[in-house]
Each structure stands twice: as C-alpha cells, then as structure tokens.
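Using the UniProt record's numbering, the first residue of the sequence shown is number 1, and each one after it goes up by one. Glycine included, every Cβ here is placed at the ideal spot set by N, Cα and C.
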Amino acid sequence: MFGLKQFYQNEVRAKLAQELDIKNPMLLPKLEKIVISVGAGAHAKDMKIMQNIAQTISLIAGQKAVITKAKKSVAGFKIREGMAVGAKVTLRNKRMYNFLEKLIVISLPRVKDFRGISRNGFDGRGNYTFGINEQLIFPEVVYDDIMVSHGMNITMVTSTDNDKEAFKLLELLGLPFAKVR
C-alpha cells in the first residue's frame, strides 16, 4: 500500500489547485468521510442475518458497524418503528483512506467484467454514491461465513459543494470511473 493520504497531501492537492485555479489551500476539496451502508430488505426480520450483515461490514471497514432502525412504521413494507432494517459504518481520517486505497487497489479489480464505476452517482452537492452488488470482492470476507449474499452502498462525502470539483478530486485519488462513450 502506498499511503493514499500522503499521495493526497503531496500530489493531489497541488494538481487540484492548478486545475481548478484555487489559490487558497483551505478551499481545496477534500474527502471528509465515507459511509458504507447495507439495507437488509426481506432479511430484516431475522436478527441472526442482521448480525451477520453488521459483522461483514465491520470486517470490510475495520470498524464496528451500527445496526440502523426504522424511524417510522410502514405497513406496505411490513416494517415497524424501531425494527432493524440495515447496517452502516462511517469512516473518517486514517480508516477512510485505508478503505479507499483497499477499494481501488484490491477490491474493484476483483469485480467480474469491471469497466469502471458510473459517473452518474453525484448528487449535485459534491457527494458521490455507488453500489457494489456483492461483498465477496473484499479480501476480508470469507465465503463460508456469509449467511446471505448482499451488496452495499458506498457514499463519499467531500468538502466541496459542486460535482465538477468532487469528480476531479476522486479521479485524481485514483477512483476508476467508466470511460465516456
């Protein structure tokens, strides 16, 4: 591993300042946090599966996952208020950079027929979200320990409020975006 945080400090910041024409170094976009979340869907009623999902995310992130609970009851989805519906982990600082480096260098290349991640995941406020269909692309996950195969959402929150700057930041950090046709 080459130290993504040092790479950001030493090279990416200088390129961002030059390409985005930003003079003040405090205004340069930076990655603030990464949120990894899983919705349990039909498996939400089974607490063993929920614990297994939380444990899997904890292994992937290197930090304890929090089980998320429903805020309101929704009869159409058969969900009661306070019922466990998923799990999430919020990564910051060192763990965030370690996870991102592992994602770029090890995990994404293991995806079958991988041609880059979509450029359409920006929300208009400088945050980027994409989904992974299977948790087995991460080296920490052992196939025999999984009760249910599930995907996950990965959200990268940046300090900028515009998508163009956020895209440039993530591209310079090494995120493999799909080529434009």
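Can you have a look at residue i and say buried or exposed, based on whether 16 or more other CB atoms are within 10 angstroms of its CB?
i      : result
LYS78  : exposed
VAL142 : exposed
GLU165 : buried
GLY126 : buried
TYR8   : buried
Inspect the beta-carbon positions of residue i and residue j and report whether they are closer than 8 Å.
i      : j      : result
VAL89  : ILE57  : yes
LEU31  : ALA61  : no
ILE22  : MET156 : no
GLU101 : LEU4   : yes
ASN52  : MET147 : yes
ILE137 : ARG95  : no
Report the option in the options whose CA atom is closest to the CA atom of residue i.
i      : options                           : result
ARG119 : ASP21, PHE167 and PRO29           : PHE167
TYR128 : PHE114, ILE146, ASN153 and ASP145 : ASN153
SER149 : GLU140, ASN162 and GLU134         : GLU134
Kindly list the residues whose CB is nearer than 6 Å to the CB of residue i, restricted to its own chain and excluding five residues on each side of it in sequence; keep chain order.
i     : result
ARG13 : LEU28
Apart from the five residues just before and just after residue i, which ones in its own chain have a Cβ nearer than 7 Å to its Cβ?
i      : result
GLY86  : SER37, VAL38, GLY39, ALA40 and THR68
PRO139 : ILE106
Residue i bridges to which residues according to DSSP?
i      : result
GLY131 : ASN153
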